[in-house]
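Chains as they are written, first to last, in our numbering: chain A, 3 to 888; chain B, 414 to 574. Here is the structure we will look at, set down as structure tokens.
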């Protein structure tokens, strides 16, 4: 936590606030201690997640023995301190500060987005003078002006608290806004050609204490008192940030970050914050349809389900269960994943199921490696980064790693193949040649073991980590989708030898970890057990269990391309856009006998479907998701779906009935409870427990029961009975479950359930690191090795169907080292011919200092331009030849 | 853009500080001396030297009036009109010089707050060199001396040259 309490220790002190004796940790700030004890000291600039600055003077108090009026936000508590927050002199100061602030503040509250949830409004009412003596003309500025594509600035309303500028520098690390000019012309400025294009810019709007910063997508859309709110989990990526989703008239209008200490600490990335727009996109498919003589025809649900069930039945009978394959499911809820696994593995009997699309890591490793929690980063002995650019793919995890490295001074080693967002904060950087990640990992293991590794950066890092307690946290992912997962796995095998090592998986899709946990991967059954270990457990519960391990995404696509897949179900999956090899994906979709799309949109993959079953999406459905640390949290259902869309899990159930197996699951909570009863890792995570526990439940439940905090209040954003409003950290009060009381009962029940499954159910899968692979082939001296990763605003559905995000997408170019550009012999920006073993494409080439010589970077854009045409999934790495066009 | 000489000087300046960002103002003065004012193109370059964003440099240089973010004359004449000077003729000096040099590109006349030279008011600065006990005529004569080179002017940043 960046709360300005680095000096805090555990020693308790006793002090008096307004005549009441309270206890607090020595060094805590008076403003915070007072608030925790029910005394709200008014403030504008102080934010609990940022360093205090004492700029706004609203929190001045009296402290016996201290001269003048110290600001409560910069005054640490001490033994015997006597503080007064409501004396006449303090009230007079508050009057004066508010009167000064209101001199230049326009009273345009009726047309201000903040009106109704504005701290300046509220505090003027509660603490202010009520009358202004200022009769002169207020200052005027052009208003509002854009700071970026998403954030507008109304300079007249700004009270110069510096929350936004401090957030940009301290939290986001993008100091693209600062105060310029002076006195009454003082204003937040950007440099003319550098807009505030931070991925985290929306947070400044949330924490602005007046209506100076405005969200372009939300501006003039609603009044705060008209909004209704549900707590939810963001599923844009796998971090699982907690949010408060707000709607009015059945339209989603705003997502605010909720301060979940263990995960997002109040922050959201802009893609998550504004990505709700796609839910209401015109492109949504809202009615089921089936292909009749080469044209899609809208039909009723019973007809559509009947058609699909018949195709499944026929495939099973004529070609066997493994002629059916399911791809996707990483974008849904845990309930969706479980129901589809039960349909595929427990009814149909196929194991050809994969939630990942060849762009992740093998489920064996994700499910079996020892896991870290996000919070472990702050206490880690060291952090090793081997994976994609977290800033682009898992933005709030980037914030947490940055915080650990900067505020907690945890040594950070950057082993990515090119510079990433975290590189400036790394203790040491060692650029790995793509494909040779294993070598770097072995060097690190040697260095930590006290032997010289031959790499100065790695040696320096090992020296910095020496003597520190805590786990070594490895953030593990595919640094590039242009290479196979094998080099990363070789590195993981090496890392696994480190003492007290734990892994944070950097897979990106919203619920990919939930889907894998529940068996949406070949060789696995729900609850992190392998097919072989779990067969005996699931056989009496389900109708059937697959006989042998099936194919992963790549295998499924190859089989489909060869005409061996009779029914291919695309569960919110678009392989043509997302599978690294577009050509294979296209051939697979064409080669599959019958394609069933369970999706919300038409895509290049689902356009070719024979049956389209439209599903509900985030915001429209309840359920749970699991984030990358294994934390199960609930989703909020805020709007009613349009059309006749259906939850994915219900579609699976409806198909199962038609195949002769009634799941008997009516409500989503029943699915959650079935998971909690049959899936070993989930044992005890019943819907009632998830509803009561504020921070969700981390899997496996049994090992994390002691972390459960039981809610004692509800989320209250409108602040009818307390000071918590959207501009301050939004929290839900909670307590540890007490000895008696129904909350303790639920935890006990979970413990009992977990213990029973521990005894009876198969053991959780553990990764066997002996399964090792060879090195990547040597690189041709004239070739450039391709590195390809995602960008935050990619060609995916959330970006392209959200009008506010779509324009933020950047054009892609091949990025090379200046030396390599000179060797190619062309100018910056020239079109060049790029050839891999797979294809030849024409692209502009540019230089970028972040790309090492011998490497070329090309973003993996989800609409199939560039990288996915070039990537050869049959080889470990993809090498490119770049030539001039003559 | 810094000249090669100034680039080397900028590197030396940055090296004098424990944290590179401390060099924002010295580098802004350096750029101002080179160009005669502080053009917007200099800002990203200063930012790069100091390892900060252009917005941070912009914030700093826009706070201080001594950074001229619009082209100005070779001579910046700052005339005080604060209390003491107000009483003994500062505004008259200001008006006289403003009229006299209204169309002279070499000279920029500006009104400033107290220069802390009240003992010998009225006072002014020419490129931050003090001149005191003035009358409009004396003030004009001093500016003319600078223009003719009889007095050696500092740079517009006040750096002796």
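Backbone N, C-alpha and C fix where the C-beta goes; we use that ideal spot for every residue, glycine too. These numbers come from a predicted model, not from an experiment.
Closest by C-alpha distance to residue 235 (chain A), when choosing among A:228, A:649, A:275
Position 233 of the first chain, counted from the start, is the residue given in the question as residue 235 (chain A). Checking every option, the nearest Cα to that of residue 235 (chain A) belongs to A:275.
Going by the C-beta, is residue 167 (chain A) closer than 7 angstroms to any heavy atom of the ligand GTP?
The ligand GTP is not part of the structure shown, which contains no ligands of any sort.
Below 8 angstroms, how does it come out for the stretch 565 to 576 of chain A and the stretch 605 to 618 of chain A: are there three or more Cβ pairs, yes or no?
The stretch 565 to 576 of chain A vs the stretch 605 to 618 of chain A: in contact.
Three-state secondary structure (DSSP) at residue 190 (chain A)?
As a first step, residue 190 (chain A) must be located in the first chain, where it is residue number 188. Annotated three-state conformation of residue 190 (chain A) is strand, per DSSP.
Excluding the 5 residues flanking residue 852 (chain A) on each side, which residues of the same chain have their C-beta closer than 6 angstroms to its C-beta?
Residue mapping note: residue 852 (chain A) aligns to position 850 of the first chain, counting from 1. Within the same chain, residue 852 (chain A) has close Cβ partners 420, 421.
Indicate whether at least one CB of chain B lies closer than 8 angstroms to the CB of residue 178 (chain A).
Numbered from its first residue, the first chain carries residue 178 (chain A) at position 176. Flagged as an interface residue toward chain B: residue 178 (chain A), by a C-beta distance shorter than 8 angstroms.
Among the candidates B:444, B:450, B:463, B:507, whose CA atom is the shortest distance from the CA of residue 427 (chain B)?
Here the question's residue 427 (chain B) lines up with position 14 in the second chain. Of B:444, B:450, B:463, B:507, the smallest CA-CA separation from residue 427 (chain B) is found for B:463.
According to a CB-to-CB cut-off of less than 7 angstroms, which residues of the stretch 182 to 202 of chain A neighbour chain B?
Answer set for the stretch 182 to 202 of chain A: 182, 183, 184, 191, 192, 193, 194, 196.
DSSP beta-bridge partners for residue 298 (chain A)?
Position 296 of the first chain holds residue 298 (chain A). For residue 298 (chain A), which the question treats as bridged, DSSP gives the partners A:293.
Can you check DSSP and say which residues form a bridge with residue 625 (chain A)?
The residue labelled residue 625 (chain A) in the question sits at position 623 within the first chain. Paired residue(s): A:637.
Would residue 2 (chain A) and residue 408 (chain A) qualify as a contact pair, given that the criterion is a beta-carbon distance under 8 angstroms?
Look at the range of chain A in this structure, 3 to 888, and you will see that residue 2 (chain A) is not part of it.
Using beta carbons (cut-off 8 angstroms, strictly below), is residue 5 (chain A) in contact with chain B?
What you label residue 5 (chain A) is simply residue 3 of the first chain in a count that begins at 1. Residue confidence for residue 5 (chain A) is low, a pLDDT of 40 falling below 50, so the modelled location carries little weight and cannot support an answer.
Does residue 480 (chain B) have its Cβ less than 8 angstroms from a Cβ in chain A?
On the second chain, residue 480 (chain B) is found 67 positions in, with the first residue counted as 1. Not closer than 8 angstroms to any Cβ of chain A, the Cβ of residue 480 (chain B) fails to qualify, so no.
Could you tell me whether the stretch 161 to 179 of chain A touches the stretch 442 to 462 of chain B, where touching means 3 or more Cβ pairs closer than 8 angstroms?
Fewer than three Cβ pairs drawn from the stretch 161 to 179 of chain A and the stretch 442 to 462 of chain B lie within less than 8 angstroms of each other, which leaves the two stretches out of contact.
Going by DSSP, what residues sit across from residue 222 (chain A) in a beta bridge?
For this step, residue 222 (chain A) is matched to residue 220 along the first chain. When DSSP reads this structure, residue 222 (chain A) sits in no beta bridge, so it has no partner.
Quick one: is residue 471 (chain B) near chain A, going by C-beta distance under 8 angstroms?
Mapped onto the second chain, residue 471 (chain B) falls at position 58. Yes, residue 471 (chain B) counts as interfacial toward chain A.
List, in chain order, every chain A residue whose beta-carbon is nearer than 9 angstroms to that of residue 491 (chain B).
In the second chain, the residue the question calls residue 491 (chain B) occupies position 78. Ordered by position in chain A, no residue passes the 9 angstroms Cβ test against residue 491 (chain B), which lies about 17 angstroms from the chain.
What alpha helix (DSSP H) runs, 4 residues minimum, are completely inside the stretch 210 to 295 of chain A?
Secondary structure within the stretch 210 to 295 of chain A: the alpha helix (DSSP H) runs of 4 or more consecutive residues, fully enclosed, are 272 to 276 (chain order).
Would residue 840 (chain A) be called buried (16 or more neighbouring beta carbons within 10 Å of its own) or exposed?
Within the first chain, residue 840 (chain A) is the residue found at index 838, counting from 1. So residue 840 (chain A) ends up on the buried side.
Exposure of residue 582 (chain A), with buried meaning 16 or more beta-carbon neighbours within 10 Å:
Position 580 of the first chain holds residue 582 (chain A). Classification of residue 582 (chain A): buried, given that the 10 Å Cβ count is 16 or more.
Any beta-carbon of chain A closer than 8 angstroms to the one on residue 476 (chain B)?
In the second chain, counting from the first residue as 1, residue 476 (chain B) sits at position 63. True, the Cβ-Cβ gap to chain A drops below 8 angstroms.
DSSP beta-bridge partners of residue 617 (chain A):
As a first step, residue 617 (chain A) must be located in the first chain, where it is residue number 615. The beta-bridge partner set that DSSP reports for residue 617 (chain A) consists of A:648.
Which of helix, strand or coil DSSP assigns to residue 177 (chain A):
In the first chain, counting from the first residue as 1, residue 177 (chain A) sits at position 175. Secondary structure of residue 177 (chain A) (DSSP, three-state): coil.
So is residue 466 (chain B) in contact with chain A if we call contact Cβ pairs under 8 angstroms?
As a first step, residue 466 (chain B) must be located in the second chain, where it is residue number 53. For residue 466 (chain B), the answer is yes, since a Cβ of chain A falls inside 8 angstroms of its Cβ.
DSSP state of residue 833 (chain A), grouped into three classes?
Taking the first chain and counting its residues from 1, one reaches residue 833 (chain A) at position 831. Of the three classes helix, strand and coil, the one that applies to residue 833 (chain A) here is strand, per DSSP.
Separation of residue 504 (chain B) from residue 493 (chain B), as counted between CA atoms
By one-based count along the second chain, residue 493 (chain B) stands at place 80. By one-based count along the second chain, residue 504 (chain B) stands at place 91. Cα to Cα, the separation comes out at about 8 angstroms.
Can you check whether the C-beta of residue 456 (chain B) is within less than 8 angstroms of a C-beta belonging to chain A?
Taking the second chain and counting its residues from 1, one reaches residue 456 (chain B) at position 43. Interface residue, yes.
With DSSP collapsed to three states, give me the class of residue 491 (chain B).
Counted from its first residue, the second chain places residue 491 (chain B) at position 78. In this structure, residue 491 (chain B) counts as strand in the three-state DSSP scheme.
At the level of alpha carbons, what is the spacing between residue 3 (chain A) and residue 51 (chain A)?
Walking along the first chain from the start, residue 3 (chain A) turns up at place 1. Walking along the first chain from the start, residue 51 (chain A) turns up at place 49. Here residue 3 (chain A) scores only 36 on pLDDT, less than 50, and its place in the model is too uncertain to base an answer on.
Given that a residue counts as buried once 16 or more other Cβ atoms are within 10 Å of its Cβ, and exposed if not, what is residue 30 (chain A)?
Residue mapping note: residue 30 (chain A) aligns to position 28 of the first chain, counting from 1. Taking a 10 Å sphere around the C-beta of residue 30 (chain A), we find 16 or more other C-beta atoms and assign the residue as buried.
Around the Cβ of residue 543 (chain B), are there at least 16 other Cβ atoms within 10 angstroms (buried) or fewer (exposed)?
On the second chain, position 130 is the one that residue 543 (chain B) refers to. Burial state of residue 543 (chain B) is exposed, judged by a 10 Å Cβ sphere holding fewer than 16 other Cβ atoms.
Find out if the Cβ-Cβ distance for the pair residue 211 (chain A), residue 121 (chain A) is shorter than 8 angstroms.
Here residue 211 (chain A) refers to the residue found at position 209 when the first chain is read from its first residue. Here residue 121 (chain A) refers to the residue found at position 119 when the first chain is read from its first residue. Yes, the Cβ-Cβ distance between residue 211 (chain A) and residue 121 (chain A) is below 8 angstroms.
At which residue ranges does the stretch 682 to 723 of chain A contain complete beta strand (DSSP E) runs of 3 or more residues, listed in the order of the chain?
Listed in chain order, there is nothing to give.
CA-to-CA distance, residue 83 (chain A) to residue 68 (chain A), given in whole angstroms
If you number the first chain from 1, residue 68 (chain A) lands on position 66. If you number the first chain from 1, residue 83 (chain A) lands on position 81. Distance between residue 68 (chain A) and residue 83 (chain A), taken at the CA atoms: about 10 angstroms.
Would a C-beta distance cut-off of 8 angstroms place residue 442 (chain A) and residue 434 (chain A) closer than the cut-off?
Position 440 of the first chain, counted from the first residue, corresponds to residue 442 (chain A). Position 432 of the first chain, counted from the first residue, corresponds to residue 434 (chain A). Cβ distance < 8 angstroms, so residue 442 (chain A) and residue 434 (chain A) count as in contact.
So what does DSSP say about residue 330 (chain A), is it helix, strand or coil?
Against the first chain, residue 330 (chain A) aligns to sequence position 328. Residue 330 (chain A): strand per DSSP, three-state reduction.
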